[in-house]
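Residue numbering for the sequence shown is 45 to 454, as defined by our numbering.
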Amino acid sequence: MRLKALATALLGLFVSTAQAQTKIELDFPTWQAEEPGPAEFWTEAVKAFEAAHPGVTIKKYQVPFREYVDKLTVRFSGGTPPDIVHLPLRNFPSFAAQGWLRPIDDLLAKTDIKQTYSPMASELDWNGKTQGVMLMGYGMLLFYNEALLKEAGLAVPKTPEELLAAIKATTKPDKGIFGWGAVTAEHPNIFVDWSSWVTGSGASLFKDGAYNFTAPEVVKAIEQFRTAAKQAPKGSSSEAMRQLFLDGKIAMFREGSFFASQLKGAPAEIRPNLKAAMMPFPVVPGGTSNSIHIPAKLDPQRTQLVWEFIQMISQPEWQAKYTKDVKVPAPRKGAFTPEMAAADPLLALSAKASEVAVNIFPSNDAVRLNYNQIAKMVGESGIRLVNSDRPTETVLKDLQDQLNKRVPLK
């Protein structure tokens with residue numbers, strides 16, 4: 045009896061252990077867990093994946109964007125990366141160059157992703173190997189509060205000069221109303237603000253593999269941005285700026301077309317006034333937004349599960365859902381249809397901007413590799429532009445001198 049009891053106990057322990065071993069939790073930090081639009085998509089994708097994989101759960105949680113890349117870098121450096129790696133695509137090269145991401149060409153070869161995705165997906169190639177799957181490319185839009193423009197007797201601006209005049213006319217500090225929304229606190233997106241205005245003017249922050257911050261056309265574009273940013277609320281991050289616009293406190297601001305999915309979060313009395321138009325620049329700025337990856341040293345079982353998650357969201361039905369939820373055409377061909385455009389004017393506008401957008405992010409490998417450090421230095425100079433009266437040309441010359449000294453490109 046004792047042997048039988050012992051055998052029964054051991055069998056129970058074995059079964060219990062086996063069941064425990066089948067329970068796997070995949071770690072998935074993201075800055076989009078609470079962002080309207082992407083949040084809905086990720087929530088539904090996680091639910092669908094878990095339903096198809098009994099015993100497997102995905103721990104999805106929010107990390108503020110301004111902290112995100114630094115925290116992920118620390119985790120990779122310490123050998124504890126998340127299972128599902130979500131990256132701002134601008135930061136992808138710095139992770140790929142460290143050997144932190146798994147090349148997935150062998151996995152892609154069994155799918156149609158390479159054949160059906162936008163050519164912009166080639167930005168995920170590093171040293172001849174594909175190391176991730178693109179989630180979004182986008183064009184910039186001018187988001188505006190129609191009521192505030194009408195109150196100032198203005199139409200939607202069509203040129204940079206009209207935009208600056210409208211910003212000045214709609215700024216009413218005594219009423220807590222600002223003509224423009226910009227990042228005015230240290231934040232990675234100050235680079236995005238600068239590059240959007242410079243690219244929109246037809247210029248570039250980089251030229252012939254070197255820094256181009258002191259070129260006259262760049263100085264002119266940044267001076268225009270500075271004029272606008274001085275009419276923006278002080279100390280604002282991207283998240284705070286977006287919320288102020290939704291609350292009816294900002295008349296206009298530049299943002300990726302994906303922000304259209306957040307307009308539904310505005311108060312009922314303000315929502316009808318919040319609209320979007322093409323950017324009033326000679327060139328429509330845009331960019332590649334974010335991507336998804338597998339850590340290089342993840343064990344085979346988890347690697348397979350993460351790949352199955354990536355493969356699931358790359359399917360036509362999930363790409364169409366991404367397009368509807370985020371209001372930006374997903375990278376898979378056919379993910380945006382004429383029927384969608386007819387049903388959603390904002391999505392149609394987003395698609396139009398995406399088609400003609402010029403990438404604001406650098407293509408030079410040396411710049412891409414050092415993007416995080418360059419963006420931080422631009423951010424520091426951006427704060428000086430907003431909070432000081434130093435000439436724009438001087439600020440940009442000082443920045444370029446420091447960049448050449450600390451982050452040489454040649």
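Beta carbons: idealized from backbone N, C-alpha and C, even for Gly.
All values reported here derive from a predicted model rather than from experimental measurement.
request  = Kindly indicate which three-state DSSP category Q44 falls into: helix, strand or coil?
outcome  = Residue 44 cannot be examined here, being either before or after the span of the chain that is shown, 45 to 454.
query = What's the gap between the Cα of P136 and the Cα of D156?
reply = Translated into the one-based positions of the sequence shown, residue 136 becomes position 92. Translated into the one-based positions of the sequence shown, residue 156 becomes position 112. Per the sequence shown, residue 136 should be read as Phe rather than Pro. Distance between F136 and D156, taken at the CA atoms: about 22 angstroms.
task = Confirm, please, whether the CB-CB distance from P277 to F325 is below 9 angstroms.
result = The residue given as residue 325 occupies position 281 in the sequence shown. The residue given as residue 277 occupies position 233 in the sequence shown. Result no, Cβ atoms of F325 and P277 do not sit closer than 9 angstroms.
query = Can you tell me where the beta strand (DSSP E) with D409 in it begins and where it stops?
reply = Taking the first residue of the sequence shown as 1, we reach residue 409 at position 365. According to the DSSP assignment, D409 belongs to no beta strand (DSSP E) but to the alpha helix (DSSP H) extending over 409-413.
ask   = Which same chain residues, not among the five before or five after Q63, have their C-beta less than 7 angstroms away from its C-beta?
value = Residue mapping note: residue 63 aligns to position 19 of the sequence shown, counting from 1. Model confidence at Q63 stands at a pLDDT of 38, short of 50, so the residue's coordinates are unreliable; what they give is reported in the following sentence. Nothing meets the Cβ criterion.
message = Between Y415 and R134, how many whole angstroms is the CB-CB distance? I'm expecting something under 8 angstroms.
response = Taking the sequence shown and counting its residues from 1, the one referred to as residue 415 is at position 371. Taking the sequence shown and counting its residues from 1, the one referred to as residue 134 is at position 90. So it is a contact: roughly 5 angstroms between Cβ atoms.
task = Mind listing, in chain order, the continuous alpha helix (DSSP H) runs of no fewer than 4 residues lying wholly within the segment 128-194?
result = The segment 128-194 contains these whole alpha helix (DSSP H) runs: 136-140, 149-152, 157-160.
ask   = Ends of the beta strand (DSSP E) at V100?
value = Locating residue 100 in the sequence shown gives position 56, counting from the first residue. First-last of the beta strand (DSSP E) with V100: 100-106.
task = Taking 8 angstroms as the threshold, find out whether the segment 178-190 comes into contact with the segment 258-266 through three or more Cβ pairs.
result = Three or more beta-carbon pairs separated by less than 8 angstroms are not found between the segment 178-190 and the segment 258-266, which leaves the two stretches without contact.
task = Would you tell me roughly how many angstroms separate the C-alpha atoms of P217 and G300, rounded to the nearest one?
result = The sequence position of residue 217 within the sequence shown is 173, counting from 1. The sequence position of residue 300 within the sequence shown is 256, counting from 1. Those two C-alpha atoms are separated by around 26 angstroms.
inquiry  = So, with DSSP's three-state summary, where would you put F405?
reply    = For the purposes of this step, residue 405 is identified with residue 361 of the sequence shown, where counting begins at 1. For F405, the three-state secondary structure derived from DSSP is coil.
Nearest residue (CA-CA) to G9, options R434, S432, G292 = Nothing can be reported for residue 9, as the shown portion of the chain is limited to 45 through 454.
inquiry  = Spatial neighbours of H231 within its chain, please: C-beta separation below 7 angstroms, excluding the five flanking residues on both sides.
reply    = What you label residue 231 is simply residue 187 of the sequence shown in a count that begins at 1. Closer than 7 angstroms at Cβ, skipping near neighbours: R110, S281, S282, G423.
query = When the Cα of Q348 is compared with those of K251, E79, H97, which residue comes out closest?
reply = Numbered from its first residue, the sequence shown carries residue 348 at position 304. When only C-alpha atoms are compared, the closest one is H97.
ask   = Mind checking L193: buried by the 16 CB within 10 Å criterion, or exposed?
value = What you label residue 193 is simply residue 149 of the sequence shown in a count that begins at 1. Counting Cβ neighbours within 10 Å, L193 comes out buried, since at least 16 surround it.
ask   = For S239 versus I404, is the C-beta distance shorter than 9 angstroms?
value = As a first step, residue 239 is located in the sequence shown; it is residue number 195 there, counting from the start. As a first step, residue 404 is located in the sequence shown; it is residue number 360 there, counting from the start. Result yes, Cβ atoms of S239 and I404 sit closer than 9 angstroms.
ask   = Would you say M323 and A397 are within 9 angstroms of each other, going by their C-beta atoms?
value = Taking the first residue of the sequence shown as 1, we reach residue 323 at position 279. Taking the first residue of the sequence shown as 1, we reach residue 397 at position 353. For the pair M323 and A397, the CB atoms are nearer than the 9 angstroms cut-off.
ask   = Out of E361, K274, M285, which has the shortest C-alpha to C-alpha gap to S432?
value = Locating residue 432 in the sequence shown gives position 388, counting from the first residue. With distances taken between Cα atoms, S432 lies closest to K274.
query = When DSSP labels each residue in this structure, what does T438 get in the three-state scheme?
reply = The residue labelled residue 438 in the question sits at position 394 within the sequence shown. In the structure shown, T438 sits in a helix (DSSP, three-state: H, G or I).
Where A401 falls, given that 16 or more other Cβ within 10 Å makes a residue buried = Numbered from its first residue, the sequence shown carries residue 401 at position 357. So A401 counts as buried.
key: F250 - partner residues in DSSP beta bridges   = By one-based count along the sequence shown, residue 250 stands at place 206. DSSP lists Y255 as partners of F250.
message = Measuring only the C-alpha atoms, how far is F481 from V350?
response = The requested residue 481 does not occur in the structure, where the chain is confined to residues 45 to 454.
request  = Taking only beta-carbon positions, decide if Q355 is within less than 9 angstroms of chain B.
outcome  = The structure shown contains no chain B, having only a single protein chain.
inquiry  = In the DSSP output, which residue or residues are listed as bridge partners for F72?
reply    = Counting from 1 along the sequence shown, the entry for residue 72 is found at position 28. Looking at the DSSP output, F72 sits in a beta bridge with K104.
ask   = Would you say the beta carbon of V328 comes nearer than 8 angstroms to a heavy atom of the ligand FAD?
value = By its list of ligands, the structure shown contains no ligand whatsoever, and the ligand FAD lies outside what it can speak to.
Supposed close pair V328, G183 - CB separation, criterion 8 angstroms = By one-based count along the sequence shown, residue 328 stands at place 284. By one-based count along the sequence shown, residue 183 stands at place 139. Rounded, the Cβ-Cβ distance is 5 angstroms, consistent with contact.
message = Quick check on the DSSP output: the alpha helix (DSSP H) that includes K91 runs from which residue to which?
response = Sequence index remark: in the sequence shown, residue 91 carries index 47 (1-based). Residue range 82-96 is occupied by the alpha helix (DSSP H) that includes K91.
key: Proximal residues to Q76 (C-beta, below 7 angstroms), its chain only, five neighbours per side dropped   = Taking the sequence shown and counting its residues from 1, the one referred to as residue 76 is at position 32. Excluding positions up to five away in sequence, the list reads P82, A83, W86.
task = Measure the Cβ-Cβ separation of L460 and L290 and say whether it is below 9 angstroms.
result = Missing from the structure shown is residue 460; the chain here goes from 45 to 454 and no further.
request  = Would you decide whether R434 is buried or exposed? Buried here means 16 or more other CB atoms lie within 10 Å of its CB.
outcome  = For this step, residue 434 is matched to residue 390 along the sequence shown. Exposed: under 16 other Cβ atoms inside 10 Å.
inquiry  = Cutting at 8 angstroms between CB atoms, please list the residues of its own chain near Q446, excluding the five before and the five after it.
reply    = Taking the sequence shown and counting its residues from 1, one reaches residue 446 at position 402. The answer, listed in chain order, is M421.
query = If you run the structure through DSSP and keep just helix, strand and coil, what is G423?
reply = Mapped onto the sequence shown, residue 423 falls at position 379. Looking at G423 - three-state DSSP - the assignment turns out to be helix.
Cβ-based neighbour list, Y161, same chain, cut-off 7 angstroms, excluding 5 preceding and 5 following = The residue given as residue 161 occupies position 117 in the sequence shown. Once the five neighbours on either side are set aside, the close Cβ partners of Y161 are M178, P375, R376.
key: Where the beta strand (DSSP E) containing E111 begins and where it ends   = Translated into positions along the sequence shown, residue 111 becomes position 67. It is not in any beta strand (DSSP E) - E111 instead sits in the alpha helix (DSSP H) that spans 109-121.
ask   = Among residues of its own chain, excluding the 5 on either side of P201, which ones have a beta-carbon nearer than 7 angstroms to its beta-carbon?
value = As a first step, residue 201 is located in the sequence shown; it is residue number 157 there, counting from the start. A distance below 7 angstroms between beta-carbons, with the five flanking residues on each side excluded, links P201 to the following residues of its chain, in chain order: L207, A210, P324.
query = Which of helix, strand or coil does DSSP assign to I314?
reply = For the purposes of this step, residue 314 is taken as the residue at position 270 of the sequence shown. In the structure shown, I314 sits in coil (DSSP, three-state: anything other than H, G, I, E or B).
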